[in-house]
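In what follows, a single structure is set out as structure tokens and then discussed.
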Amino acid sequence: MMELVAGIIAILMIGVVFGVDVFFSIIGVQALRKCRDKSMVDVLGHIHQIADKRMPQFGTVGIFAIVAAVIFNGGLRVGNLEYVIAFLLMLGYIFIYNFKSKPIHKVITTAAEAHKVPSNLRTIQTHWDRIIIGRAILLTIVMILLCIGIM
79 MMELVAGIIA
89 ILMIGVVFGV
99 DVFFSIIGVQ
109 ALRKCRDKSM
119 VDVLGHIHQI
129 ADKRMPQFGT
139 VGIFAIVAAV
149 IFNGGLRVGN
159 LEYVIAFLLM
169 LGYIFIYNFK
179 SKPIHKVITT
189 AAEAHKVPSN
199 LRTIQTHWDR
209 IIIGRAILLT
219 IVMILLCIGI
229 M
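Quick note, my numbering runs 78 ahead of the 1-based positions in the sequence shown.
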């Protein structure tokens with residue numbers, strides 16, 4: 079029973095991150111392409127300023143819940159393969175976030191705070207668009223694995 083509770087907590091917590099990434103990959107990318115540069119920097123800079131502080135909490139709890147589900151379900155064994163793969167994919171997600179997404183967030187947040195528009199804004203935004211789509215795909219796989227895990 080505890081492994082089921084842990085699995086559900088993992089789904090709910092990682093589901094928050096999944097929902098945000100899917101939203102931005104499907105809707106945000108297209109909407110931002112239509113924005114004026116100054117508007118894009120202002121809105122995204124402030125979104126990243128807040129999200130970069132709050133969103134990791136959901137992912138962290140979700141990752142700990144995955145580990146708890148494995149422990150409560152007998153540890154590292156074939157029956158926990160879905161959880162183990164989901165955990166490893168989440169480690170990959172953390173790497174992508176910290177070394178690809180977060181530096182872009184920092185540039186845009188700093189620009190928003192200074193009321194400036196980076197000269198390479200559209201280039202870095204195009205790069206971020208590709209990253210967010212990849213992150214959404216990665217989290218889709220994680221969510222499928224977690225759902226299989228609680229079955």
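The beta-carbon is built from N, C-alpha and C at its ideal position, and this holds for glycine as well.
Assuming the contact rule is C-beta atoms closer than 8 Å, methionine 221 and glycine 93 should be a hit. Round their C-beta distance to whole Å, please. Translated into positions along the sequence shown, residue 221 becomes position 143. Translated into positions along the sequence shown, residue 93 becomes position 15. About 7 Å; that satisfies the 8 Å criterion.
Which full runs of the alpha helix (DSSP H) of 4+ residues lie inside the segment 153–185, going along the chain? With a minimum length of 4 residues, the continuous alpha helix (DSSP H) runs that stay inside the segment 153–185 are 159–174.
Mapping the DSSP letters down to three states, classify valine 148 as helix, strand or coil. Position 70 of the sequence shown, counted from the start, is the residue given in the question as residue 148. Correct three-state label for valine 148: helix.
Please report the distance separating the alpha-carbon of alanine 214 from that of serine 103. Residue numbering aside, residue 214 sits at position 136 when the sequence shown is read from its first letter. Residue numbering aside, residue 103 sits at position 25 when the sequence shown is read from its first letter. Spanning the two alpha carbons is a distance of roughly 7 Å.
Are the beta-carbon atoms belonging to isoleucine 211 and isoleucine 182 less than 7 Å from one another? As a working note, residue 211 is residue 133 in the sequence shown. As a working note, residue 182 is residue 104 in the sequence shown. Against a cut-off of 7 Å, the Cβ pair of isoleucine 182 and isoleucine 211 comes out as no contact.
Tell me whether methionine 229 is buried or exposed, calling it buried when 16 or more other Cβ atoms sit within 10 Å of its Cβ. The residue given as residue 229 occupies position 151 in the sequence shown. That one is exposed.
Going by DSSP in three states, isoleucine 209 sits in which element: helix, strand or coil? What you label residue 209 is simply residue 131 of the sequence shown in a count that begins at 1. Isoleucine 209 falls in the helix class under three-state DSSP.
Out of curiosity, what's the CA-to-CA distance linking asparagine 158 and valine 148? Counted from its first residue, the sequence shown places residue 158 at position 80. Counted from its first residue, the sequence shown places residue 148 at position 70. Whole-angstrom Cα-Cα distance: 6 Å.
Is it true that the CB of histidine 126 sits closer than 7 Å to the CB of isoleucine 174? Here the question's residue 174 lines up with position 96 in the sequence shown. Here the question's residue 126 lines up with position 48 in the sequence shown. For the pair isoleucine 174 and histidine 126, the CB atoms are not nearer than the 7 Å cut-off.
Could you check what DSSP says for valine 83 in three-state terms: helix, strand or coil? Within the sequence shown, numbered from 1, the residue matching residue 83 stands at position 5. When DSSP states are grouped into helix, strand and coil, valine 83 belongs to the helix group.
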